[in-house]
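Shown next, in structure tokens, is the structure this report addresses.
There are 2 protein chains.
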Amino acid sequence: MKRSFIREILESIDEHTISFAGGLPSEKLFPRDDLKTATMKIFDNPKVFQYGVSNGISELREKIAARYTKEGFPTTKNNILITTGSQQGMYILAKYFESKDITIEEPSYLGAMNIFRLNHLTMKGVELEKDGVNIEKFKESFKQTKLAYLIPDFQNPSATTYCDEKREEIAKIVEDENGLLIEDSPYSELYFDKKNISISCKIPNRSFHLGSFSKTLVPSLRIGWIRADEKLLQSLMIIKESIDLHSCGISQYILNEYLEDEANYEKHLQDIRDDYEKKANFFCEQLDKYLPEFKYEKPKGGMFLYGSFEGIDSFALVQKCIEKKVVYVPGNQFYIDKIPNGEIRFNYTHSSFEQIEQGIKLIKSCL
Amino acid sequence: MKRSFIREILESIDEHTISFAGGLPSEKLFPRDDLKTATMKIFDNPKVFQYGVSNGISELREKIAARYTKEGFPTTKNNILITTGSQQGMYILAKYFESKDITIEEPSYLGAMNIFRLNHLTMKGVELEKDGVNIEKFKESFKQTKLAYLIPDFQNPSATTYCDEKREEIAKIVEDENGLLIEDSPYSELYFDKKNISISCKIPNRSFHLGSFSKTLVPSLRIGWIRADEKLLQSLMIIKESIDLHSCGISQYILNEYLEDEANYEKHLQDIRDDYEKKANFFCEQLDKYLPEFKYEKPKGGMFLYGSFEGIDSFALVQKCIEKKVVYVPGNQFYIDKIPNGEIRFNYTHSSFEQIEQGIKLIKSCL
Numbered sequence: 091m092k093r094s095f096i097r098e099i100l101e102s103i104d105e106h107t108i109s110f111a112g113g114l115p116s117e118k119l120f121p122r123d124d125l126k127t128a129t130m131k132i133f134d135n136p137k138v139f140q141y142g143v144s145n146g147i148s149e150l151r152e153k154i155a156a157r158y159t160k161e162g163f164p165t166t167k168n169n170i171l172i173t174t175g176s177q178q179g180m181y182i183l184a185k186y187f188e189s190k191d192i193t194i195e196e197p198s199y200l201g202a203m204n205i206f207r208l209n210h211l212t213m214k215g216v217e218l219e220k221d222g223v224n225i226e227k228f229k230e231s232f233k234q235t236k237l238a239y240l241i242p243d244f245q246n247p248s249a250t251t252y253c254d255e256k257r258e259e260i261a262k263i264v265e266d267e268n269g270l271l272i273e274d275s276p277y278s279e280l281y282f283d284k285k286n287i288s289i290s291c292k293i294p295n296r297s298f299h300l301g302s303f304s305k306t307l308v309p310s311l312r313i314g315w316i317r318a319d320e321k322l323l324q325s326l327m328i329i330k331e332s333i334d335l336h337s338c339g340i341s342q343y344i345l346n347e348y349l350e351d352e353a354n355y356e357k358h359l360q361d362i363r364d365d366y367e368k369k370a371n372f373f374c375e376q377l378d379k380y381l382p383e384f385k386y387e388k389p390k391g392g393m394f395l396y397g398s399f400e401g402i403d404s405f406a407l408v409q410k411c412i413e414k415k416v417v418y419v420p421g422n423q424f425y426i427d428k429i430p431n432g433e434i435r436f437n438y439t440h441s442s443f444e445q446i447e448q449g450i451k452l453i454k455s456c457l
Numbered sequence: 091m092k093r094s095f096i097r098e099i100l101e102s103i104d105e106h107t108i109s110f111a112g113g114l115p116s117e118k119l120f121p122r123d124d125l126k127t128a129t130m131k132i133f134d135n136p137k138v139f140q141y142g143v144s145n146g147i148s149e150l151r152e153k154i155a156a157r158y159t160k161e162g163f164p165t166t167k168n169n170i171l172i173t174t175g176s177q178q179g180m181y182i183l184a185k186y187f188e189s190k191d192i193t194i195e196e197p198s199y200l201g202a203m204n205i206f207r208l209n210h211l212t213m214k215g216v217e218l219e220k221d222g223v224n225i226e227k228f229k230e231s232f233k234q235t236k237l238a239y240l241i242p243d244f245q246n247p248s249a250t251t252y253c254d255e256k257r258e259e260i261a262k263i264v265e266d267e268n269g270l271l272i273e274d275s276p277y278s279e280l281y282f283d284k285k286n287i288s289i290s291c292k293i294p295n296r297s298f299h300l301g302s303f304s305k306t307l308v309p310s311l312r313i314g315w316i317r318a319d320e321k322l323l324q325s326l327m328i329i330k331e332s333i334d335l336h337s338c339g340i341s342q343y344i345l346n347e348y349l350e351d352e353a354n355y356e357k358h359l360q361d362i363r364d365d366y367e368k369k370a371n372f373f374c375e376q377l378d379k380y381l382p383e384f385k386y387e388k389p390k391g392g393m394f395l396y397g398s399f400e401g402i403d404s405f406a407l408v409q410k411c412i413e414k415k416v417v418y419v420p421g422n423q424f425y426i427d428k429i430p431n432g433e434i435r436f437n438y439t440h441s442s443f444e445q446i447e448q449g450i451k452l453i454k455s456c457l
């Protein structure tokens, strides 16, 4: 088992390297003052410092549930399990489905793939098309595995978003096969145009819907959640409890306090969307200007831009780029067999406009 | 796999129940103001909200390492992996040693036993005597397993502390057998008399030493650590990263800021020791007064008092006690096979003096 390429890079590059590698949100959008104000308010609560319940504090689970319900996906706090980032939600599920087969998109999220390997799941890849997985191949695979892991909104790494028809078809397949779907949804709020309807809400008793505050607020709180049928959640609680008893209490209370002002959170989300859309547009412009040989689809939300060079090994290229102080994640990392190809994932949210232009020029110089 | 008895009780009892069950520290000793002051200072640091490195922030690892070194156990920050509570430290190790055999004390820590079960380790119990495990039996077991999990200081649940001779003998056995020791040490700072020397410091390359701020500061930060040989830690990092990427950044920075004033932390530790010693003494007095039939050893530190009734099934008794609004953990929970016996673990740190007296009287009324 090797460490994640991305985490290794994050820990090895210096501050002078322009990084399009990580899934880092933009620091200048962190609502620093609002979080500080929220934090100030929590210290009077005597519960803030003591051990808490494994599924997370009731008030926060209620607020998360209310957001689902408002969007037309009826949910109570008993459907919510607070996790230490949605990464932990994934780990808990992988542990729960230990040694099983699982259908995944290819390319897929590197972190999830590592978690699946660590928990002895056998991944069965299905080709991702421009509007979601190939349905025929998905159906064929799912008939065998009865379990799938998908990222339907602004997928990591491909930025692909599923069309409504494919969402319907997948829900039907999961239902027909009496299977289960893990729907990973960290980017769904980061849309430039409109919010998509989750697949999970069509199959509420057959789905695990994973959410996170890492991309919409700040990552360091390490708070995410799993939304699932209450009975399914009970089984996951044993694992959650074994892993860390419960997620950070301070973080949960800060978040709960911050989310009291819902309008303010909505405004914050809109600020992120506006900023990221500008960044995405600028990234595309710079690519078109300096790297016209790089073919990609323009992102409609999320944090990534994905595309490919023809006839270039992007894994070999990145080694050269690192020397020139620019880095990205080569596409082969997102495939089960990691065979080198010309694909690249760029993160466009964390760098400044200047860094984006400079970084793309540096990549050009390595070709 | 069942949920932990203790966690289930914590989540089911009402506020009128006197609980000697959990391992809850006393809330009135939480350094609320100092933690608030520390928290106020962290928000100017731009790194506080962003993703961090998997092994934990450098500054905090340095401070933890310095404490080891000061006590005569040479340690650098590269020997420290920050975990989400020491519970997670245990989980990471259990995952690392998945499906192996492991020698444990009997009785042993319930949470660790559940983690071992979840990760398919086969536990081999060795009888715990008044001054540590039976050395002959330990040696016999360790020759087979080459891996042991021990809690040498104020053990949970038995409050047993290993004598110096047994510490030496265990270190020698681990060394001679080329094995590995997991030394769980959440209570070592909570001594009434003197701090013991860890077994790990005698075998620095063959030990994992687990520490926690949950018992010495506050549990809700969810910060613990593993101290180990640098090379061994590298293998654990892959698992840590998969589980939650990194532990809560806010918590780490708060702790780091709090620990800047080392003298203040030392004073706080002494306050806890003084308070817990008073509580332990009072608990003993009340037991002697109302429950003279309960036989126990007086604790020398830690958070628990352990003993037994003759001819009484403490698991059957606790059901009656819960109805009368008092609860403890029956001893059978701490054994691999969970066969009912007359043993009981009492937590004496969380209840008030009034609650201790009242609770013991209520137990008496259930006999």
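Chains as they are written, first to last, in my numbering: chain A, 91 to 457; chain B, 91 to 457.
Beta carbons are placed, not taken as given, at the ideal position from N, Cα and C, and that holds for glycine.
Let me check understanding here. Comparing Cα to Cα, which of the options lies closest to residue i?
i	options	result
residue 252 of chain B	B/165, B/330, B/284, B/159	B/284
residue 168 of chain A	A/345, A/103, A/320	A/320
residue 170 of chain B	B/371, B/120, B/313, B/400	B/313
residue 385 of chain B	B/392, B/375, B/148, B/145	B/375
residue 418 of chain A	A/400, A/427, A/425, A/396	A/396
residue 307 of chain A	A/188, A/454, A/122, A/289	A/122
residue 248 of chain A	A/260, A/316, A/394, A/373	A/394
residue 276 of chain A	A/335, A/456, A/202, A/402	A/202
residue 220 of chain B	B/192, B/205, B/254	B/254
residue 406 of chain A	A/429, A/301, A/148	A/429
residue 119 of chain A	B/117, B/136, B/104, B/338	B/136
residue 175 of chain B	B/399, B/438, B/304, B/282	B/304
How would you call residue i, buried or exposed, if buried means at least 16 neighbouring beta carbons within 10 angstroms?
i	result
residue 140 of chain B	buried
residue 210 of chain B	exposed
residue 446 of chain B	buried
residue 113 of chain A	buried
residue 106 of chain A	exposed
residue 347 of chain B	buried
residue 245 of chain A	buried
residue 455 of chain B	exposed
residue 261 of chain B	buried
residue 334 of chain A	buried
Closer than 7 Å by beta-carbon distance: list the chain A residues that pair up with residue i, in chain order.
i	result
residue 308 of chain B	139
residue 120 of chain B	139
residue 204 of chain B	332
residue 136 of chain B	117
Indicate the three-state DSSP secondary structure (helix, strand or coil) for residue i in the structure shown.
i	result
residue 297 of chain A	strand
residue 392 of chain B	coil
residue 173 of chain B	strand
residue 110 of chain A	coil
residue 451 of chain B	helix
residue 425 of chain A	coil
residue 343 of chain A	helix
residue 404 of chain B	helix
residue 136 of chain B	helix
residue 143 of chain A	coil
residue 314 of chain A	strand
residue 432 of chain A	coil
Would you list the residues sitting across from residue i in a DSSP beta bridge?
i	result
residue 216 of chain B	B/195
residue 271 of chain A	A/238, A/297
residue 148 of chain A	Residue 148 of chain A is not bridged to any residue.
residue 416 of chain B	B/108
residue 437 of chain B	B/394
residue 386 of chain B	B/397
residue 281 of chain B	B/391
For residue i, return the contacting residues in chain A, with the cut-off set at a CB-CB distance below 9 Å.
i	result
residue 242 of chain B	Ordered by position in chain A, no residue passes the 9 Å Cβ test against residue 242 of chain B, which lies about 22 Å from the chain.
Could you work out which residues of chain B lie near residue i, taking near to mean beta carbons separated by less than 9 Å?
i	result
residue 149 of chain A	Neighbours of residue 149 of chain A on chain B: none; closest Cβ ~15 Å, over 9 Å.
residue 174 of chain A	174, 178, 312, 333, 334, 335, 337, 338
residue 181 of chain A	332, 333, 334
Along chain B, in chain order, which residues have C-beta atoms closer than 7 Å to that of residue i?
i	result
residue 126 of chain A	133
Cβ closer than 8 Å: which chain B residues qualify as neighbours of residue i?
i	result
residue 208 of chain A	185, 328, 329, 332
List, in order along the chain, the chain A residues whose C-beta lies closer than 8 Å to that of residue i?
i	result
residue 341 of chain B	338, 340, 341
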